[in-house]
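In UniProt numbering, the protein residues as written are 1 to 285. Cβ atoms here follow ideal geometry from the backbone N, Cα and C, with glycine treated the same way. Computed from a prediction, not measured in an experiment: that's the story for all the values here.
Listed below in structure tokens is the structure:
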């Protein structure tokens with residue numbers, strides 16, 4: 001028997017950038033509920049900075065949704081001085097993966113699940129691909145782009161709190177993740193389309209609307225620019241930019257699904273249901 005106000009089948013939903021260190025966002029998470037017992041939820045990174053906050057939020061969501069799929073954002077990879085868990089870099093990421101597995105949450109290290117509800121079947125592909133500073137002005141070096149940003153007073157907090165151990169830097173870690181992700185993607189069933197999920201945008205196109213274009217260098221890598229075409233994407237889901245919207249690239253739907261900070265929600269009047277319907281296509285959020 002269906003509950004009034006719900007759909008008669010499960011949906012694939014998504015959200016990102018929950019930032020539950022903010023009390024109001026924490027309340028929002030407490031209010032997130034499926035419309036149907038079979039609803040899946042994609043959480044596209046930046047749940048929080050402290051390990052305990054990430055565990056709390058994913059625990060709440062895993063208890064409510066049939067399946068929860070998580071990818072890391074840059075904030076989960078930070079090592080804040082006041083977090084009792086002082087793991088850095090790859091070790092921190094691996095601890096997050098262990099936590100998710102304890103909760104039954106799917107990660108980029110697990111078998112990719114197949115959504116067989118309305119709009120399916122599609123392979124839902126959680127990715128962990130960082131940035132490598134290649135979203136920068138043509139003809140400039142990484143160092144020149146960094147100087148351009150610093151001159152404008154723009155430096156991502158990652159430069160102080162996101163450690164890439166054992167890699168030399170985020171760009172080296174990114175290149176390693178590109179290789180691993182390509183290997184996993186190549187093993188997907190070629191007969192099925194995909195929903196590609198990454199915290200950072202997979203193409204540079206979404207960054208052209210940034211208020212501060214200098215920030216784009218911390219937003220992705222040109223190495224993923226054609227993945228939506230090469231890997232049969234029906235939808236690409238991402239966050240990080242705090243600019244929730246739906247766009248089309250090469251006929252593929254791109255969904256930026258961030259909740260964002262409370263001040264942004266107030267400034268732009270974002271006070272409706274923050275859950276985005278990814279599938280079935282055309283289903284109202």
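Next item on the list: Flag this pair as yes or no: are the beta carbons of residue 240 and residue 260 separated by less than 8 angstroms?
Entry: Start at 1 with the first residue of the chain shown, and residue 240 comes out as number 240. Start at 1 with the first residue of the chain shown, and residue 260 comes out as number 260. Contact check for residue 240 against residue 260 fails: the beta carbons are separated by 8 angstroms or more.
Next item on the list: Locate the beta strand (DSSP E) running through residue 184, then write down its first and last residues.
Entry: Here residue 184 refers to the residue found at position 184 when the chain shown is read from its first residue. Per DSSP, residue 184 lies in no beta strand (DSSP E) segment; the continuous alpha helix (DSSP H) that holds it begins and ends at 170-186.
Checklist line | Under the three-state DSSP convention, the category residue 72 falls into | finding: Taking the first residue of the chain shown as 1, we reach residue 72 at position 72. Three-state DSSP puts residue 72 in coil, outside helix and strand.
Check: So, is residue 266 buried or exposed, given that buried needs 16 or more other C-beta atoms within 10 angstroms?
Finding: Counting from 1 along the chain shown, the entry for residue 266 is found at position 266. Looking at its Cβ environment, which holds fewer than 16 other Cβ atoms inside 10 Å, residue 266 is exposed.
Note to self: Buried or exposed for residue 111, going by 16 or more other Cβ atoms inside 10 Å?
What the structure shows: Within the chain shown, numbered from 1, the residue matching residue 111 stands at position 111. It counts as exposed.
Check: How many Å lie between residue 30 and residue 262 at the Cα?
Finding: Your numbering for residue 30 matches position 30 in the chain shown. Your numbering for residue 262 matches position 262 in the chain shown. Going from the Cα of residue 30 to the Cα of residue 262 covers about 15 angstroms.
Checklist line | Collapsed DSSP secondary structure at residue 64 in the structure displayed | finding: Taking the first residue of the chain shown as 1, we reach residue 64 at position 64. Here residue 64 sits in coil by DSSP.
Margin query: Taking 6 angstroms as the limit between beta carbons, can you name the residues of its chain near residue 67, skipping five residues before and five after?
Written below: Within the chain shown, numbered from 1, the residue matching residue 67 stands at position 67. Cβ within range, chain order: 40.
Item checked: Minimum length 3: unbroken beta strand (DSSP E) runs contained in the segment 85-144 -> Those beta strand (DSSP E) runs which fall completely within the segment 85-144 and span 3+ residues are 122-126.
Item checked: Span separating the alpha-carbon of residue 258 from that of residue 141 -> Within the chain shown, numbered from 1, the residue matching residue 258 stands at position 258. Within the chain shown, numbered from 1, the residue matching residue 141 stands at position 141. Distance from the CA of residue 258 to the CA of residue 141, rounded to the nearest whole angstrom, comes to 30 angstroms.
Notebook entry, point to check: Which term fits residue 202, buried or exposed, when burial requires 16 or more other beta carbons within 10 angstroms of its beta carbon?
Noted result: Within the chain shown, numbered from 1, the residue matching residue 202 stands at position 202. Residue 202 should be labelled buried.
Notebook entry, point to check: Going by beta carbon distance, what residues of the same chain come within less than 6 angstroms of residue 10, once the five residues before and after it are set aside?
Noted result: Along the chain shown, read from residue 1 onward, the residue named residue 10 stands at position 10. Cβ neighbours of residue 10 beyond the five flanking positions: 36, 38, 39, 117.
Next item on the list: Sort 115, 199, 155 by Cα distance to residue 124 and report the nearest one.
Entry: What you label residue 124 is simply residue 124 of the chain shown in a count that begins at 1. Out of 115, 199, 155, 115 has the C-alpha closest to the C-alpha of residue 124.
Notebook entry, point to check: If we ignore side chains and look at the alpha-carbon of each, how far apart do residue 235 and residue 100 end up?
Noted result: Here the question's residue 235 lines up with position 235 in the chain shown. Here the question's residue 100 lines up with position 100 in the chain shown. When the Cα atoms are used, residue 235 and residue 100 turn out to be separated by approximately 24 angstroms.
Notebook entry, point to check: Can you tell which of 250, 244, 192 has the C-alpha that lies nearest to the C-alpha of residue 228?
Noted result: Working through the chain shown from its first residue, we reach residue 228 at position 228. Measuring C-alpha to C-alpha distances from residue 228 to each of 250, 244, 192 identifies 250 as the nearest.
Next item on the list: Answer with buried or exposed for residue 43, where buried requires no fewer than 16 other C-beta atoms within 10 angstroms of its C-beta.
Entry: For the purposes of this step, residue 43 is taken as residue 43 along the chain shown, with counting starting at 1. By the neighbour-count rule (16 or more Cβ atoms within 10 Å), residue 43 is buried.
Note to self: Based on DSSP bridge pairs, tell me the residues matched to residue 78.
What the structure shows: As a first step, residue 78 must be located in the chain shown, where it is residue number 78. The partner list for residue 78 (beta bridge, DSSP) reads 162.
Check: Can you round the beta-carbon distance between residue 232 and residue 193 to whole angstroms, since I take them to be within the 8 angstroms contact cut?
Finding: In the chain shown, residue 232 corresponds to position 232, counting from 1. In the chain shown, residue 193 corresponds to position 193, counting from 1. Right, their Cβ atoms sit about 5 angstroms apart.
Margin query: Please state the DSSP three-state secondary structure of residue 197.
Written below: Start at 1 with the first residue of the chain shown, and residue 197 comes out as number 197. Secondary structure at residue 197: strand, using DSSP grouped into helix, strand and coil.
Check: DSSP state of residue 157, grouped into three classes?
Finding: Looking up residue 157 in the chain shown gives position 157. DSSP, read as helix, strand or coil, puts residue 157 in coil.
Next item on the list: Check whether the segment 196-211 touches the segment 151-169, counting contact only when three or more Cβ pairs, one atom from each stretch, lie closer than 8 angstroms.
Entry: Segments in contact, no.
Next item on the list: Inspect the beta-carbon positions of residue 108 and residue 87 and report whether they are closer than 8 angstroms.
Entry: If you number the chain shown from 1, residue 108 lands on position 108. If you number the chain shown from 1, residue 87 lands on position 87. Residue 87 sits away from residue 108, with the two beta carbons spaced by 8 angstroms or more.
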